[in-house]
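J.: Got a structure for you, questions after.
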């Protein structure tokens with residue numbers, strides 16, 4: 413009996429009908445001859461309620477439901493979740509689904525309402541967008557069932573407790589993976605880069621086209637064909653490519669609910685995969701007050717799994733990033749000239765000048781690319797019309813910060829340090845472009 417009352421809920425429609433009857437009984441004080449009709453109406457309502465309850469409880473296991481989850485979530489992306497509900501009643505029913513989502517989503521109003529025909533099953537898909545790496549624990553699945561009459565509601569509870577780990581964005585990895593095998597970059601909305609670099613690894617002789625390096629003209633083949641022919645060389649491979657992630661306090665800033673360090677982690681996963689597909693060695697490490705999470709650049713089959721697991725456990729802290737310690741560790745542990753993709757953030761020229769000597773020292777032995785972020789919220793603020801003195805002041809300050817970011821790019825380029833200034837949402841695309849440009853120009 414206790415279980416029965418715990419699963420029974422009276423609906424709003426019943427209380428509306430009851431409220432109408434109360435008003436009618438009050439009205440009956442002035443017209444006593446109508447009170448008998450109102451009593452009949454009351455008993456009819458009670459009868460309908462009992463009939464509705466009998467319809468709901470006449471079948472013991474009338475509803476079956478399950479939740480289908482992926483093995484792991486992709487951080488910052490929309491991940492699909494399916495709920496399958498089967499109706500074992502002999503009539504159509506109204507259902508309300510309440511899924512107990514993980515606490516990280518802070519979702520308190522999730523529900524799905526639908527009608528299921530008799531002996532039918534339906535799948536209800538929805539998506540979740542996790543923004544924090546870690547474990548996501550789902551609770552139970554609650555299904556509330558009512559008939560067309562709608563006086564009562566029966567609750568079905570299903571123990572669907574489950575844990576799904578949230579990994580760096582492997583969906584982006586799949587999206588950009590084919591770029592390692594084609595030069596048709598415009599198909600992905602990216603700029604097309606002309607391949608002008610080469611090594612001594614010969615590939616083929618082809619017709620000369622404007623823009624090819626004239627130093628590679630094959631004069632003997634040109635004489636035989638009576639037209640200019642050129643030697644084409646393969647890209648140099650097996651070069652170390654390191655993603656260096658600053659996990660200090662400057663990388664804790666969120667954009668679209670995702671921290672800068674998470675954008676950097678997603679980009680690291682993608683660029684590491686593409687580097688391996690292009691025949692290079694991929695590695696990574698992070699730093700704040702010290703260097704950690706180090707994966708040395710290798711080209712082995714298990715390298716991507718190792719990088720993925722390392723990125724899964726990486727997070728920011730509130731410590732000041734020590735670029736001097738970074739320089740010492742790079743000099744000690746990376747002896748071969750490598751491509752270093754440094755994900756960090758500089759907001760002012762003063763912040764850059766404090767670290768510039770160490771960046772210059774790193775760039776002497778390696779090809780260093782400093783990747784930092786535009787503040788998209790400031791850009792949106794600048795676009796807004798100014799209607800007050802305070803708005804003018806805020807827009808002026810915002811424009812100053814935006815301009816200072818451009819000065820940082822100029823300052824780094826002046827010392828021969830490659831840079832990427834990008835919106836957080838475009839980080840992966842722009843990093844891939846820079847990597848492919850470096851490979852095409854043979855800069856490493």
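Residue numbers (the numbering used here): 413 to 856.
Even glycine gets a Cβ: it sits at the ideal position worked out from N, Cα and C.
Since the model is a prediction, treat every value here as computed from it, not as a measurement.
Does the Cβ of residue 414 have 16 or more other Cβ atoms within 10 Å, making it buried, or fewer, making it exposed?
T.: Taking the chain shown and counting its residues from 1, one reaches residue 414 at position 2. With fewer than 16 Cβ atoms within 10 Å of its Cβ, residue 414 is classed as exposed.
J.: If contact is defined by three or more beta carbon pairs under 8 Å, each pair taking one atom from either stretch, is the segment 441 to 458 in contact with the segment 467 to 486?
T.: At 8 Å Cβ cutoff, the stretches do not touch.
J.: Could you please give me the residues that DSSP links to residue 478 through a beta bridge?
T.: For the purposes of this step, residue 478 is taken as the residue at position 66 of the chain shown. Note: residue 478 sits in a beta bridge opposite 496.
J.: Suppose you measure from the CA of residue 836 to the CA of residue 672; what does that come to, to the nearest Å?
T.: The sequence position of residue 836 within the chain shown is 424, counting from 1. The sequence position of residue 672 within the chain shown is 260, counting from 1. Their backbone Cα atoms lie some 7 Å apart in a straight line.
J.: Distance check for residue 466 and residue 472, CA to CA, integer angstroms please.
T.: Taking the chain shown and counting its residues from 1, the one referred to as residue 472 is at position 60. Taking the chain shown and counting its residues from 1, the one referred to as residue 466 is at position 54. Approximately 11 Å, taken between the alpha carbons.
J.: Look at the Cβ atom of residue 771, then the Cβ atom of residue 754, and state whether they are nearer than 9 Å.
T.: For the purposes of this step, residue 771 is identified with residue 359 of the chain shown, where counting begins at 1. For the purposes of this step, residue 754 is identified with residue 342 of the chain shown, where counting begins at 1. Cβ atoms of residue 771 and residue 754: closer than 9 Å.
J.: Taking residue 742 as the reference, give the member of 777, 760, 715, 631 with the closest Cα.
T.: Along the chain shown, read from residue 1 onward, the residue named residue 742 stands at position 330. Residue 742 has its Cα closest to that of 777, out of 777, 760, 715, 631.
J.: At 4 residues or longer, and completely inside the segment 744 to 806: list those alpha helix (DSSP H) runs for me, N to C.
T.: Runs of the alpha helix (DSSP H) inside the segment 744 to 806: 761 to 777, 788 to 795.
J.: Between the C-alpha atoms of residue 538 and residue 496, what's the straight-line distance to the nearest angstrom?
T.: By 1-based counting over the chain shown, the position of residue 538 is 126. By 1-based counting over the chain shown, the position of residue 496 is 84. Spanning the two alpha carbons is a distance of roughly 12 Å.
J.: Assuming residue 707 contacts residue 695 (C-beta within less than 8 Å), just tell me the rounded distance between them.
T.: By one-based count along the chain shown, residue 707 stands at place 295. By one-based count along the chain shown, residue 695 stands at place 283. The pair is a contact, with the Cβ atoms about 5 Å apart (cut-off 8 Å).
J.: State buried or exposed for residue 432, treating a residue as buried only when at least 16 other CB atoms are found within 10 Å of its CB.
T.: Sequence index remark: in the chain shown, residue 432 carries index 20 (1-based). That one is exposed.
J.: Give me the DSSP bridge partner(s) of residue 535.
T.: Within the chain shown, numbered from 1, the residue matching residue 535 stands at position 123. Beta-bridge pairing links residue 535 to 496.
J.: Is residue 650 helix, strand or coil when you go by DSSP?
T.: Here residue 650 refers to the residue found at position 238 of the chain shown. It is coil, neither helix nor strand.
J.: Quick one: grab the DSSP three-state call for residue 464.
T.: Here the question's residue 464 lines up with position 52 in the chain shown. Helix, per DSSP.
J.: For residue 718, collect the residues of the same chain with a Cβ closer than 6 Å to its Cβ; drop the 5 residues on either side in sequence, then sort them by chain order.
T.: In the chain shown, residue 718 corresponds to position 306, counting from 1. So the qualifying residues of the chain are 707.
J.: Is residue 839 closer than 9 Å to residue 785 when the C-beta atoms are compared?
T.: Position 373 of the chain shown, counted from the start, is the residue given in the question as residue 785. Position 427 of the chain shown, counted from the start, is the residue given in the question as residue 839. In contact: residue 785 and residue 839 (Cβ atoms closer than 9 Å).
J.: According to DSSP, is residue 829 helix, strand or coil?
T.: Here residue 829 refers to the residue found at position 417 of the chain shown. Residue 829: coil per DSSP, three-state reduction.
J.: Helix, strand or coil: which one does DSSP assign to residue 732?
T.: Against the chain shown, residue 732 aligns to sequence position 320. Coil, per DSSP.
J.: Which one of 821, 575, 529 has the shortest CA to CA distance from residue 547?
T.: One-based indexing of the chain shown puts residue 547 at position 135. Of the candidates 821, 575, 529, the one whose C-alpha sits nearest the C-alpha of residue 547 is 575.
J.: Where does residue 522 fall in DSSP's three states?
T.: Translated into positions along the chain shown, residue 522 becomes position 110. Coil.
J.: By a C-beta neighbour count over all protein chains shown, 10 Å radius and 16 as the cutoff for buried, is residue 527 buried or exposed?
T.: For the purposes of this step, residue 527 is taken as residue 115 along the chain shown, with counting starting at 1. Exposed: under 16 other Cβ atoms inside 10 Å.
J.: The alpha helix (DSSP H) spanning residue 684 covers which residue range?
T.: For the purposes of this step, residue 684 is taken as residue 272 along the chain shown, with counting starting at 1. 672 to 689 is the span of the alpha helix (DSSP H), which, as asked, contains residue 684.
J.: Can the beta-carbon of residue 628 be found less than 9 Å from the beta-carbon of residue 651?
T.: Position 216 of the chain shown holds residue 628. Position 239 of the chain shown holds residue 651. Not a contact, by the Cβ cut-off of 9 Å.
J.: By a C-beta neighbour count over all protein chains shown, 10 Å radius and 16 as the cutoff for buried, is residue 464 buried or exposed?
T.: Stepping through the chain shown from its first residue, residue 464 is reached at position 52. Residue 464 should be labelled buried.
J.: Out of 552, 680, 425, 444, which has the shortest C-alpha to C-alpha gap to residue 842?
T.: Position 430 of the chain shown, counted from the start, is the residue given in the question as residue 842. Comparing Cα positions, the closest option is 680.
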